[in-house]
Amino acid sequence: MADAWRFWIDRGGTFIDLVASSPSGERVVRKVLSRRPGNGEAASADPVVEALREVLGLAPGVGFAPGVIEEVRLGTTVATNAQQQHRAEPVLLLVNRGFADLPRIGDQHRPDIFALHIVRPRPLSVRVIEVEGRLAADGQERAPLRLDDALANRVKRAMADGYRSCAVALMHAIGSPATSGSWAPG
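Per my numbering, the sequence shown starts with residue 410, numbered consecutively.
Take a look at the structure:
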C-alpha cells in the first residue's frame with residue numbers, strides 16, 4: 410500500500426501529538442487539543458479521529474475510504490498519568506493461578522538497590538482473580554483453561570463492587586489460538 414497514509418499518535422490528557430506520512434512520503438505534524446470545545450457533532454467526536462480527518466482534508470463526520478490509511482499507531486499517556494496520580498478507576502486483573510501477588514511484587518525495581526529500608530509506592534487499586542490454566546512458552550497446554558461458573562461469579566461480584574475495567578494477563582496466551590476467543594461472565 411504505497412498509496413496510503415501512515416499515522417503515529419500520542420494521546421495525552423491535554424494534547425494529541427500526531428505525525429503522519431503521506432503516500433508521497435511527506436511528513437505532516439499536528440498538535441491538537443485532546444478535548445474539542447464547542448457543541449454539535451464535531452465537539453462530541455473523538456479528537457484523534459477528527460485529527461485524522463483534518464490531515465486527510467475530510468469534513469467532520471465523513472468516513473474514511475478503504476485503502477486511504479495503511480497504518481495507525483496510537484499510544485496514550487492518559488492511563489499512565491491517571492495511575493501515577495492515583496486517579497485511575499479500580500481495575501480487575503485476571504492472572505494465572507499462583508500470580509495473584511504480581512501487582513504487589515512488581516518487577517522489584519528500587520531507586521536505591523542497597524537501601525535497607527525499602528519504601529514502596531502506594532499500590533494501585535487492583536483486585537486480582539486467579540484463573541486456572543497454564544500454557545508453556547511454546548504454546549503447549551500444561552493445565553487446561555477453566556472459564557467456569559466459579560470464575561464468572563467472582564467476576565460478577567467484582568462488577569457489583571464497582572469494578573468496570575478488566576485486564577487479562579495469562580502467561581504465554583499469545584502462543585495459543587484457543588486463548589484468542591471471547592468469554593463473558595454469564
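Beta carbons: idealized from backbone N, C-alpha and C, even for Gly.
Legend entry - the segment 552-563 / the segment 511-531 touching (three or more Cβ pairs under 8 Å): no
Legend entry - Selection from ASP516, ASP521, ALA582 and GLY476 that minimises the alpha carbon distance to GLU541: ALA582
Inset, instruction - Specify, as a first and last residue, the run of the alpha helix (DSSP H) that LEU560 falls within. - result: 558-569
Legend entry - Start and end residues, beta strand (DSSP E) containing ALA576: 574-578
Inset, instruction - Could you check if ALA567 is buried or exposed, using at least 16 other CB atoms within 10 Å of its CB as the buried criterion? - result: buried
Legend entry - Endpoints, the beta strand (DSSP E) within which ARG536 is located: 535-540
Legend entry - Identity of the residue in ARG531, GLY476, ALA460 and ALA576 nearest ILE425 by Cα: ALA460
Inset, instruction - Using only alpha-carbon positions, find the residue among PRO512, VAL477, ASN490 and ASP547 that is nearest to PRO432. - result: VAL477
Inset, instruction - Report whether the distance from the Cβ of ARG551 to the nearest heavy atom of the ligand HEM is below 8 Å. - result: The ligand HEM is not part of the structure shown, which contains no ligands of any sort.
Inset, instruction - Please state whether DSSP places LEU467 in a helix, a strand or coil. - result: coil
Legend entry - ARG482 - partner residues in DSSP beta bridges: TRP417
Legend entry - Spatial neighbours of LEU483 in its chain, beta-carbon cut-off 7 Å, leaving aside the 5 residues before and after: ILE418, ARG420 and VAL457
Legend entry - Classification of ALA578 by the beta-carbon crowding that lies within 10 angstroms, buried from 16 upward: exposed
Inset, instruction - Would you mind working out which of GLU480, SER534, ASP547 and GLY548 sits nearest GLN493, comparing C-alpha positions? - result: SER534
Legend entry - CA-to-CA distance, ALA497 to LEU427, given in whole angstroms: 25 Å
Inset, instruction - State buried or exposed for VAL500, treating a residue as buried only when at least 16 other CB atoms are found within 10 Å of its CB. - result: buried
Legend entry - ALA413 to ALA474 span [Cα, whole Å]: 11 Å
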